[in-house]
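Enquirer: Provided herewith is a single structure, encoded as structure tokens, for subsequent inquiry.
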Amino acid sequence: MDPRIREHAQTIVDHSTSVEAGDNVVVSAPSVAEDLVTAIHELLGDRGANVVAMDANPRFTRAFLRAGDDDYETPEHVLALYEETDVIIRVRGETNATEQSDVPPETNAAYKRAYKPVQGEMLSKRWCLTQYPAKGSAQLAGMSTEAYENFVYDAVTLDWDAQGELQQQLVDILNDGDEVRITSGDETDVTMSIAGNTAINDTAEHNLPGGEVFTAPVKDSVNGEVY
1 MDPRIREHAQ TIVDHSTSVE AGDNVVVSAP SVAEDLVTAI HELLGDRGAN VVAMDANPRF
61 TRAFLRAGDD DYETPEHVLA LYEETDVIIR VRGETNATEQ SDVPPETNAA YKRAYKPVQG
121 EMLSKRWCLT QYPAKGSAQL AGMSTEAYEN FVYDAVTLDW DAQGELQQQL VDILNDGDEV
181 RITSGDETDV TMSIAGNTAI NDTAEHNLPG GEVFTAPVKD SVNGEVY
């Protein structure tokens, strides 16, 4: 197994979700991410956690949605599972990025509405969403498999404590300021107020890779032109 896969798994288990003995963990992943899911399970067993694995195969979802009548109800059995769950690990990885392209938009919307209570319960727990460098994802990105693997692993296997300290410098600048100005070339010039808004330091506690610092402009304060 590529040692970077084990490092990826350790970052998920120990940094992003801080799994402890006795935690109930749900791991949802496509079969293409088998190596990463195996490494995660090994660590969960070592930490003394309890695990349920779910196969997130888009072909299954496509078949279900195309056969349905858009009259979906919240799946209470799934909601009950997540009510008893402490940690949720979700892995993305594509074999076919357009597998569900022939599911009508209104069907997807109805399904998502039914799942909204489940989504809310999931977001109330310790959770991590991460990317596995599958061949389909590489193709979608227009990259070779090897180049995409390097791209993903370089992003997920950072020293997140050090990265967080680096990003905190920008967080402090934003939190101490009231206005942001963005310029590019001779024409793009945009200003916005951020007064009263708190900047967030994303150090991969939820999304892995992370590495973002973000805030939001005050409503109706954005002014300028983008070229």
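The letter at position 3 of the sequence shown is residue 3 when you use this note's numbering, and the numbering goes up by one with no holes. Every residue, glycine too, gets a C-beta built ideally from N, C-alpha and C.
(1) Suppose you measure from the CA of Pro133 to the CA of Tyr227; what does that come to, to the nearest Å?
(2) Along the chain, where does the beta strand (DSSP E) that runs through Thr183 open and close?
(3) Rank Pro217, Asn175, Val171 by C-alpha distance to the C-alpha of Val182 and give the top, closest one.
(4) Among Asp154, Val27, Arg62, Gly120, which one has its Cα closest to the Cα of Asn96?
(5) Taking three-plus beta-carbon pairs below 8 Å as touching, is the region 63 to 77 in contact with the region 102 to 118?
(6) Hey, which unbroken runs of the alpha helix (DSSP H) at 4 residues or more fall wholly within the region 132 to 217?
(7) Are the CB atoms of Thr130 and Pro3 nearer to each other than 9 Å?
(8) Using the beta-carbon count (16 or more within 10 Å), is His8 buried or exposed?
(9) What is the residue span of the alpha helix (DSSP H) that Gly45 lies within?
(10) Run through DSSP, which three-state label would Asn96 get?
(11) Determine the direct distance from the alpha carbon of Val13 to that of Tyr6, and round the result to whole angstroms.
(12) If you draw a straight line from the C-alpha of Asp159 to the C-alpha of Arg66, how long is it?
(13) Could you give the residue range of the alpha helix (DSSP H) that holds Asn108?
(14) From which residue to which residue does the alpha helix (DSSP H) around Ala53 run?
(15) Do Ala53 and Ala29 have their beta-carbon atoms positioned less than 9 Å apart in this structure?
(16) Return the residue from the list Cys128, Asp154, Thr38, Gln10 that minimises the CA-CA distance to Asp86.
(17) In whole angstroms, give me the CA-to-CA distance for Glu76 and Leu44.
(18) With burial defined as no fewer than 16 other Cβ atoms inside 10 Å of the residue's Cβ, what is the status of Thr74: buried or exposed?
(19) Who pairs with Ile89 in a beta bridge, going by DSSP?
Expert: Here's the rundown:
(1) Here the alpha carbon of Pro133 sits roughly 34 Å from the alpha carbon of Tyr227.
(2) 179 to 184
(3) For the sequence presented, residue 182 should be read as Ile rather than Val. For Ile182, the nearest C-alpha among the options comes from Pro217.
(4) Relative to Asn96, the option among Asp154, Val27, Arg62, Gly120 whose CA is nearest is Arg62.
(5) yes
(6) 135 to 140, 145 to 156, 160 to 176
(7) no
(8) Residue burial is scored here from C-beta neighbours: His8 has at least 16 other C-beta atoms within 10 angstroms and is therefore classed as buried.
(9) 34 to 47
(10) coil
(11) The residue you asked about is not Tyr; residue 6 is Arg in the sequence shown. Computed Cα separation, rounded: 10 Å.
(12) 43 Å
(13) 105 to 114
(14) Here Ala53 belongs to no alpha helix (DSSP H); instead the beta strand (DSSP E) covers 50 to 55.
(15) yes
(16) Closest option to Asp86, Cα to Cα, is Cys128.
(17) Taking the straight line joining both Cα atoms gives about 26 Å.
(18) Per the 10 Å Cβ criterion, exposed.
(19) Paired residue(s): Val27, Cys128.
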